[in-house]
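Residue numbers (this note's numbering): 201 to 352.
The C-beta atom is built at its ideal place from N, Cα and C for all residues, glycine as well.
As the structure is a prediction and not an experimental result, all values here were calculated from the model.
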């Protein structure tokens with residue numbers, strides 16, 4: 201998923217580094233993941249973004265994960281929901297990204313108390329899983345770094 205997301209985002213940033221360019225890059229990354237779902241249908245989101253109803257199943261196709269399984273998907277899905285619900289023409293991209301970062305951080309922290317349903321953590325006894333999922337924390341950290349870079 202990182203590969204799909206980051207490759208599309210990087211292509212969108214080629215020669216651009218403004219806040220709107222980063223917002224476009226986030227959209228491009230999410231759309232790239234969505235295109236991996238056969239039969240994705242359009243919904244009513246701004247900027248032509250397609251959100252198929254089966255979006256949570258994309259990682260299931262690749263690794264068996266779904267939101268709530270204590271994986272990177274928990275943060276990624278929370279950030280994507282925030283990006284889509286807050287992004288509209290004229291919206292401040294930094295405020296939208298800040299909300300997505302907050303959602304990703306909260307979702308990462310919430311994995312601390314989840315039962316692992318996929319990924320390496322699913323092979324470990326729940327009683328030994330005391331920290332948030334590292335993949336979920338990484339998603340929040342990457343988005344946070346993008347936001348911090350744009351704010352500086």
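Annotated as distal: residue 301 and residue 273, with beta-carbon spacing of 7 angstroms or more.
With a cutoff of 7 angstroms on beta-carbon distance, residue 289 and residue 220 are scored as not near each other.
Look at residue 303 here: in three-state DSSP terms it is helix. DSSP places residue 334 in the helix class (H, G or I) of the three-state scheme. The C-alpha of residue 225 lies about 7 angstroms from the C-alpha of residue 210. Boundaries of the alpha helix (DSSP H) around residue 210: 202-213. Looking at 232, 279, 214, the one whose alpha-carbon comes closest to that of residue 337 is 279.
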